[in-house]
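**Q**
There are 2 protein chains.
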Amino acid sequence: MTAPKPSELAFVPFVSVENMMRLVNRIGVAEMLSGLAGYIEDDFRRWELFDKTPRVAAHSKEGVIELMPTSDGETYGFKYVNGHPKNTREGLQTVTAFGLLADVATGYPVLLTEMTLLTALRTAATSALVAKYLAPSGADTMALIGNGAQSEFQALAMQAICGVTKLRLYDIDPRATAKAMRNLAGRGFELTACKTAEEAILGAQIITTCTADKQYATILSDNMVGAGVHINAIGGDCPGKTELHPGILTRADVFVEYPPQTRIEGEIQQMPEDFPVTEFWQVVTGAAQGRRDARQITLFDGVGFATEDFSALRYVRDRMQGTGLYQELDLLADPDDPRDLFGMLTRATGVAAA
Amino acid sequence: MTAPKPSELAFVPFVSVENMMRLVNRIGVAEMLSGLAGYIEDDFRRWELFDKTPRVAAHSKEGVIELMPTSDGETYGFKYVNGHPKNTREGLQTVTAFGLLADVATGYPVLLTEMTLLTALRTAATSALVAKYLAPSGADTMALIGNGAQSEFQALAMQAICGVTKLRLYDIDPRATAKAMRNLAGRGFELTACKTAEEAILGAQIITTCTADKQYATILSDNMVGAGVHINAIGGDCPGKTELHPGILTRADVFVEYPPQTRIEGEIQQMPEDFPVTEFWQVVTGAAQGRRDARQITLFDGVGFATEDFSALRYVRDRMQGTGLYQELDLLADPDDPRDLFGMLTRATGVAAA
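Protein sequence lines correspond, in order, to chains A and B.
Start counting the first sequence at 1; every next residue gets the next number (UniProt numbering).
Start counting the second sequence at 1; every next residue gets the next number (UniProt numbering).
1. Are the C-beta atoms of residue 3 of chain A and some chain B residue less than 8 Å apart?
2. If the cut is a Cβ gap below 8 Å, which residues of chain B does residue 94 of chain A touch?
3. What is the DSSP secondary structure of residue 19 of chain B, counted as helix, strand or coil?
4. Looking at residue 66 of chain A: is its Cβ nearer than 8 Å to the Cβ of residue 81 of chain A?
5. With a cut-off of 8 Å, do at least 3 Cβ pairs link the segment 100 to 120 of chain B to the segment 166 to 177 of chain B?
6. Return the chain-ordered list of same chain residues with a C-beta closer than 6 Å to the C-beta of residue 20 of chain A, the five sequence neighbours on each side being excluded.
7. Mind pulling the alpha helix (DSSP H) runs of 4 or more residues that sit fully within the segment 145 to 182 of chain A?
8. For chain B, check one thing: does any of its Cβ atoms lie closer than 8 Å to the Cβ of residue 330 of chain A?
9. At the level of alpha carbons, what is the spacing between residue 3 of chain B and residue 348 of chain B?
10. Select from B/284, B/250, B/283, B/69 the residue whose C-alpha is nearest the C-alpha of residue 271 of chain B.
11. With contact counted as at least three CB pairs below 8 Å, one residue from each stretch, are the segment 117 to 137 of chain A and the segment 292 to 305 of chain A in contact?
12. Using a 10 Å radius around the Cβ and a threshold of 16 neighbouring Cβ atoms, would you call residue 376 of chain B buried or exposed?
13. Are the beta-carbon atoms of residue 210 of chain B and residue 154 of chain B separated by less than 8 Å?
14. Report buried or exposed for residue 257 of chain A, applying the criterion of at least 16 other Cβ atoms within 10 angstroms of its Cβ.
15. Closer than 6 Å by C-beta to residue 331 of chain A: which residues in its own chain qualify, once you throw out the five before and the five after it? Chain order, please.
16. Using 10 angstroms around the beta-carbon of residue 221 of chain B, count the other beta-carbons present and answer buried if the total reaches 16, otherwise exposed.
17. Would you say residue 116 of chain B touches the ligand COA, meaning its beta carbon is less than 7 Å from a heavy atom?
18. For residue 71 of chain B, which of helix, strand or coil comes out of DSSP?
19. Return no unless some Cβ of chain A is closer than 8 Å to the Cβ of residue 153 of chain B.
20. Closer than 8 Å, Cβ to any Cβ of chain A: which residues of the segment 224 to 256 of chain B, in chain order?
21. Under DSSP, the alpha helix (DSSP H) around residue 198 of chain A begins and ends at which residues?
22. Determine, using beta carbons only, whether residue 149 of chain A and residue 341 of chain B come nearer to each other than 8 Å.
23. Would you mind listing the alpha helix (DSSP H) stretches within the segment 272 to 302 of chain B that are 4+ residues and don't spill past its ends, in chain order?
24. CB-CB under 7 Å to residue 181 of chain A, same chain, minus the five flanking residues each way: which ones, in chain order?
25. Please report the residue range of the alpha helix (DSSP H) in which residue 33 of chain A lies.
26. If I measure Cβ to Cβ from residue 96 of chain A and keep anything under 8 Å in the same chain, skipping five residues before and after, which residues do I get?
27. Just to confirm my understanding: we take residue 255 of chain B, look at its own chain, exclude 5 residues before and 5 after, and list those with CB closer than 6 Å. What are they?
28. Find the residues of chain B that neighbour residue 106 of chain A, judging by a C-beta separation of less than 7 Å, and give them in chain order.
29. If you draw a straight line from the alpha carbon of residue 345 of chain A to that of residue 184 of chain B, how long is it in whole angstroms?
30. Could you tell me the distance, in whole angstroms, from the CA atom of residue 57 of chain B to the CA atom of residue 311 of chain B?
31. Within 10 Å of its beta-carbon, does residue 146 of chain A have 16 or more other beta-carbons around it, so buried, or fewer, so exposed?
32. Taking all protein chains shown into account, decide if residue 339 of chain A is buried (16 or more other Cβ within 10 angstroms of its Cβ) or exposed.
33. Using C-beta distances below 8 Å, list every residue in its chain close to residue 253 of chain B, excluding the 5 sequence neighbours before and after it, in chain order.
34. Leaving out five residues on either side along the sequence, give the residues of the same chain with a beta carbon under 6 Å from the beta carbon of residue 307 of chain A.
35. My output table needs one value for residue 241 of chain A: the three-state DSSP class, helix, strand or coil.
36. So residue 284 of chain B and residue 111 of chain B are in contact, right, with Cβ under 8 Å, and what is the actual spacing, rounded?
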């Protein structure tokens, strides 16, 4: 007797990296970034519904492994994600991730998916969504400081959602800039490779910093930032890793996702516990003001929050339907009689288990 | 041009339910329970090494979804597990689970596996390990109250590790008892089906309670428990769910896995915050005393802790080598140049992403 086939209940749809790439390319990167931003915006709008908790982090000297759970009461989601800046030197990704959605009513998983690519997309979609609310009107030029794995996604999201057409790129490693220039060529940007961060920010209304070193760095010093810009600071995202001089923080109005997490991980870890911030979801709902005037410096201290992953997982669940771009994974034991797990096991070989 | 094959780095070994059943049956249930108990004992012995945190729980009116992470500094593990008592009535499992091991140095996952079966095995192995230290010497009779999915595993672990040969079974539903009697027949037990919990505990030196209702229940009342027994209480494992009359707790010496978690989830949630307990790992290392004398009532208030899952994951990782009982899952995006995630995406179809 051969092992019985697992029943339908035992299967969880799984989106592999290969299938995620197919899905993104089928939808189109720009459309997917806009779609993700829409889902993320919807979830910020119903922010108060969500179970929120700072991510659960296991830190080591090499990096961090995190679990980011949340729930809207009907659906539960979490992401596993690591952050290991030194990985790049060993030919590995700094950040890898996967995620899961489950049905709150039964606890059964309903989607497992790669999230390395999806995180890159949702991070960029979030940045652009925030910039849509906060950047000065008519902003068309962005400085892109840090030209690693996240940079092209940031550029395309800002183009699709905010109308950015001019990019000024800088990275401490010119090869990274060259790579980003190649990848972004022919996509409707006016591209300028810059030799310094100072040069990159010339004329830019939006400044994006997405560097990866795990250290207190000063990618932007105080005197570099003039009136009226929107800073999209997404590289400072764990304890001990920041990109901005504290002087910039005091001159800017700072917008964050979830203050208890950002105070640990974001740029504002450099500031006192009571440093004033605005929660971005309140800008979306209208409960708080976004940009006040043309001279204000707005700063998005983005660290990535669980609801954004939840939104991205919802998007994939909805958009993968009918595409066939997933496998059925035999992840859940599903005996005919739920109380008879042991019987399922022994019957699996047709002989009594030894 | 077809999509390039993911490289070796992108693959994570995945043990499906079907392969887990094959692995268990190949090793043999009894040998696997003993093997798991050994790994669990080893990890209790090096308890102080572990990153420990109470599980991260998302409660709803129907049940709970939990993440249980831990790390020994070299390897990181977590389990996803739900607990939905009402699931049984809908033909679903009360508890389903899966788990993951990752390399702390890189953050890369190294094993993904079903853990519904594995959790049943590790829970039973933990109970028997604890009973090995705490049950009265020569104990050969166990009352098994609650004859659901966990019961047969408890029986076989107590047989393999503690020498239990006589089982007295009781469940509020006689069909559950009949099922367990069938599954345990021919396995070297003297089996007695009992009509009441009172009848089940007659002559038993070990009393195991593994019932599943999410409510304050009194499976054992105070006058039922006489001197000298070891109580293995594993059904009370979330807020609002207990099995024992508080009077028993005051007469017993209570042993727990991780007090901050057990005070929330275990039988001792009924007691004051400072109710005295002994941490089981200290019994293993010799730092605390186990059973003192023949008349003492010892009580294991087991709720299941992340290190036990970690031990079970380590065991599977070690024992699956060479068996072929796993698939390679394309879970991690792995571009040739780690900074060029976008290039990997656009090259996946051989055409530029739209």
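Ideal placement from N, C-alpha and C gives every residue a C-beta, glycine not left out.
**A** Taking the geometry as given:
1. Counting from 1 along the first sequence, the entry for residue 3 of chain A is found at position 3. Its pLDDT being 42, under 50, residue 3 of chain A is placed unreliably by the model, and nothing is read from it.
2. Numbered from its first residue, the first sequence carries residue 94 of chain A at position 94. Within chain B, the residues whose beta carbon sits less than 8 Å from that of residue 94 of chain A are 338, listed in sequence order.
3. Locating residue 19 of chain B in the second sequence gives position 19, where the first residue counts as 1. Reduced to three states, the DSSP call for residue 19 of chain B is helix.
4. Start at 1 with the first residue of the first sequence, and residue 66 of chain A comes out as number 66. Start at 1 with the first residue of the first sequence, and residue 81 of chain A comes out as number 81. The answer is yes: Cβ separation under 8 Å.
5. Short answer: they don't touch.
6. Counting from 1 along the first sequence, the entry for residue 20 of chain A is found at position 20. Excluding positions up to five away in sequence, the list reads 114, 117.
7. Runs of alpha helix (DSSP H) with 4 or more residues, each lying fully within the segment 145 to 182 of chain A, are found at 151 to 162, listed in chain order.
8. Sequence index remark: in the first sequence, residue 330 of chain A carries index 330 (1-based). For residue 330 of chain A, the answer is yes, since a Cβ of chain B falls inside 8 Å of its Cβ.
9. Mapped onto the second sequence, residue 3 of chain B falls at position 3. Mapped onto the second sequence, residue 348 of chain B falls at position 348. Any answer about residue 3 of chain B is weak, because its pLDDT of 42 lies below 50 and its placement is not dependable; what the coordinates show is given next. Whole-angstrom Cα-Cα distance: 5 Å.
10. By 1-based counting over the second sequence, the position of residue 271 of chain B is 271. Just measuring C-alpha positions, the residue of B/284, B/250, B/283, B/69 sitting nearest residue 271 of chain B is B/250.
11. Yes, the segment 117 to 137 of chain A touches the segment 292 to 305 of chain A.
12. Not covered by the structure: residue 376 of chain B. The range shown for chain B is 1 to 354.
13. As a working mapping, residue 210 of chain B is identified with position 210 in the second sequence. As a working mapping, residue 154 of chain B is identified with position 154 in the second sequence. Cβ distance < 8 Å, so residue 210 of chain B and residue 154 of chain B count as in contact.
14. For the purposes of this step, residue 257 of chain A is identified with residue 257 of the first sequence, where counting begins at 1. A residue is called buried when at least 16 other Cβ atoms come within 10 angstroms of its Cβ; residue 257 of chain A meets this threshold and is buried.
15. Reading the first sequence from its first residue, position 331 is the one you call residue 331 of chain A. Once the five neighbours on either side are set aside, the close Cβ partners of residue 331 of chain A are 12.
16. Translated into the one-based positions of the second sequence, residue 221 of chain B becomes position 221. Its Cβ having fewer than 16 others within 10 Å, residue 221 of chain B is exposed.
17. With respect to small molecules bound, the structure shown includes none, and the ligand COA cannot be examined in it.
18. Here residue 71 of chain B corresponds to residue number 71 of the second sequence, with the count starting at 1. Here DSSP, grouped into helix, strand and coil, assigns residue 71 of chain B to strand.
19. The residue you call residue 153 of chain B lines up with position 153 of the second sequence. At a cut-off of 8 Å between beta carbons, residue 153 of chain B contacts chain A.
20. For the segment 224 to 256 of chain B, no residue has a beta-carbon sitting nearer than 8 Å to a beta-carbon of chain A.
21. Within the first sequence, numbered from 1, the residue matching residue 198 of chain A stands at position 198. Segment 197 to 200, the alpha helix (DSSP H) holding residue 198 of chain A.
22. Looking up residue 149 of chain A in the first sequence gives position 149. Looking up residue 341 of chain B in the second sequence gives position 341. Yes, these two residues count as a Cβ contact at 8 Å.
23. The segment 272 to 302 of chain B contains these whole alpha helix (DSSP H) runs: 280 to 285.
24. In the first sequence, residue 181 of chain A corresponds to position 181, counting from 1. If you ignore the 5 residues before and after residue 181 of chain A, its C-beta comes within less than 7 Å of the C-beta of 169, 191, 193, all in its own chain and listed in chain order.
25. Looking up residue 33 of chain A in the first sequence gives position 33. Where residue 33 of chain A is concerned, the enclosing alpha helix (DSSP H) starts and stops at 29 to 45.
26. On the first sequence, position 96 is the one that residue 96 of chain A refers to. Cβ within range, chain order: 81, 82, 116.
27. Indexing the second sequence from 1 puts residue 255 of chain B at position 255. Cβ-Cβ distances below 6 Å link residue 255 of chain B to 278, 280, 300 in the same chain, with the five nearest sequence neighbours on each side left out; the list follows chain order.
28. For the purposes of this step, residue 106 of chain A is identified with residue 106 of the first sequence, where counting begins at 1. Ordered by position in chain B, the residues that pass the 7 Å Cβ test against residue 106 of chain A are 84, 87, 92.
29. For the purposes of this step, residue 345 of chain A is identified with residue 345 of the first sequence, where counting begins at 1. For the purposes of this step, residue 184 of chain B is identified with residue 184 of the second sequence, where counting begins at 1. If you take the alpha carbons of residue 345 of chain A and residue 184 of chain B, they lie about 13 Å apart.
30. Within the second sequence, the letter at position 57 stands for residue 57 of chain B. Within the second sequence, the letter at position 311 stands for residue 311 of chain B. Just so you know, the alpha carbons of residue 57 of chain B and residue 311 of chain B end up roughly 21 Å apart.
31. Locating residue 146 of chain A in the first sequence gives position 146, where the first residue counts as 1. The residue is buried, with at least 16 neighbouring Cβ atoms inside 10 Å.
32. To locate residue 339 of chain A, count along the first sequence from 1; it is residue 339. That one is buried.
33. Position 253 of the second sequence, counting from 1, holds the residue named residue 253 of chain B. In chain order, 278, 292, 296, 297, 298, 299 place their CB closer than 8 Å to the CB of residue 253 of chain B, counting only its own chain and leaving out the 5 sequence neighbours on each side.
34. Position 307 of the first sequence, counted from the start, is the residue given in the question as residue 307 of chain A. Only 43, 50, 70 meet the Cβ criterion.
35. Reading the first sequence from its first residue, position 241 is the one you call residue 241 of chain A. Reduced to three states, the DSSP call for residue 241 of chain A is strand.
36. Mapped onto the second sequence, residue 284 of chain B falls at position 284. Mapped onto the second sequence, residue 111 of chain B falls at position 111. With a Cβ gap of about 25 Å, residue 284 of chain B and residue 111 of chain B do not count as contacting.
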